[in-house]
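*Asks:* Sharing a structure below in structure tokens format, with a few things to ask.
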Amino acid sequence: MKKTSSDSEPTYRRAEMILQSLAQTGQQLTKKNREIEHLLKEQDRRIKKCRKNEDNIHALLS
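Numbering of the sequence shown is given in our numbering, commencing with residue 1238 and proceeding in unit increments.
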């Protein structure tokens, strides 16, 4: 028995909805990754600044 296009239509719709959901999840993960990357770079910058200040203080005290 051959399936008609109307029989398989819900399957295509479901697959399309799953793909849209995955695409949205991928976009959200990409956005979060950018946010985390920014936070890590900012933290690294602050740590370097702190170490530089610490070195300057040690130089003044010696």
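Heads up, the beta-carbon is just placed ideally off N, CA and C, and yes, glycines get one too.
Check SER1258 in the structure and name its three-state DSSP category.
*Replies:* Looking at SER1258 - three-state DSSP - the assignment turns out to be helix.
*Asks:* Could you tell me the alpha carbon to alpha carbon distance between HIS1295 and CYS1287, rounded to whole angstroms?
*Replies:* The alpha-carbon atoms of HIS1295 and CYS1287 are separated by roughly 12 Å.
*Asks:* Which of the three DSSP states, helix, strand or coil, is assigned to SER1204?
*Replies:* Since the displayed the chain opens at 1238 and closes at 1299, residue 1204 lies outside it and no answer follows.
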